[in-house]
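One structure is given here, and the rest of the page talks about it.
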Amino acid sequence: LRMAGELADGVWIRVGRHPDNLRAAWEQVCEGARSVGRDPADIELGLIFHTAVADDPQIAHTMALAIAAGYYEYSPFLFDAPGISWAGPDVHELRVQAYPDFHHHRDPVHAGKLVSFLPPEAADAFALYGDWDAIASQLQAVLQLGLPVSVILPHPITPVGSTVNYLRDCAEQLIRNFRAE
19 LRMAGELADG VWIRVGRHPD NLRAAWEQVC EGARSVGRDP ADIELGLIFH
69 TAVADDPQIA HTMALAIAAG YYEYSPFLFD APGISWAGPD VHELRVQAYP
119 DFHHHRDPVH AGKLVSFLPP EAADAFALYG DWDAIASQLQ AVLQLGLPVS
169 VILPHPITPV GSTVNYLRDC AEQLIRNFRA E
């Protein structure tokens, strides 16, 4: 992230949605920019969020736990700022049951059930989840952090058998909440 600040015109950050992780990641970019005399305001910021879409809040939350496990699997330090502990089996041993990993298993509900030992806050720290109205509220909270966000990319995760048409539904049901008046 520091290198992106030193060199890039823009950066994509994917650290979940916990405010401390988002701020720390952006600060790394800014530190890199300042270290070479660049103004961080000249760098575009894009945020990527794994987004568990389901009308059933419990299913959405379970998929969001799988997303949190995916972050722990590759970047366990991201659990530090939110104060979340991994109190289950070794993530790499558990991953065998969620191949190829927790983010990409074909059945995200199954993957989430494997990590049901995670506290509910893990879902909040690492995923957008729920129906489109819940996801819009979660995104509004992120935008209120004061980060200079230019682009948000909600990466879709849906349960097996879902009838969600992600591109259409995202445009019609999520983006409408962010149109300028």
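In the numbering used here, the protein residues as written are 19 to 199. Glycine included, C-beta positions come from ideal geometry on N, C-alpha and C. Only a predicted model underlies this, so the values are computations on that prediction, with no experimental measurement involved.
With residue i as the anchor, note down where its beta strand (DSSP E) starts and where it stops.
i	result
I175	V167 to I175
With a CB to CB cut of under 8 angstroms and the five nearest residues on each side skipped, what residues in its chain are close to residue i?
i	result
H123	A84, A116, Y117 and A129
H173	I66, F67, H68 and T69
V29	L19, A22, G23, V47, I61, E62, L63 and G64
Identify every residue that forms a DSSP beta bridge with residue i.
i	result
E62	G28
A70	Y147 and I175
Is it the case that the Cβ atoms of residue i and residue j are separated by a distance below 7 angstroms?
i	j	result
D44	L165	In the sequence as presented, Asp is not what sits at residue 44; that position holds Trp. Yes, the pair counts as a contact, with Cβ atoms nearer than the cut-off.
N39	L96	yes
V127	T176	no
L215	I153	Nothing about residue 215 can be reported from this structure: the residues present for the chain run from 19 to 199 only.
F144	G34	yes
G148	A99	no
L171	I66	yes
E49	R20	yes
Give me, in chain order, the residues of the same chain whose beta-carbon lies closer than 7 angstroms to that of residue i; leave out the 5 immediate sequence neighbours on both sides.
i	result
H121	H68, I85 and G88
Since residue i is in the alpha helix (DSSP H), which residue starts that stretch and which ends it?
i	result
L132	P126 to L132
A51	P37 to S53
D187	Y184 to D187
If you drop the 5 nearest sequence neighbours on each side, which residues of the same chain put their C-beta closer than 6 angstroms to that of residue i?
i	result
A105	F135
V109	Y90 and E91
A82	A70, A141, A145 and Y147
Open item on the list: So within the region 64 to 123, which uninterrupted alpha helix (DSSP H) runs reach at least 4 residues, ignoring any that extend past its ends?
Closed with: 75 to 92 and 109 to 112
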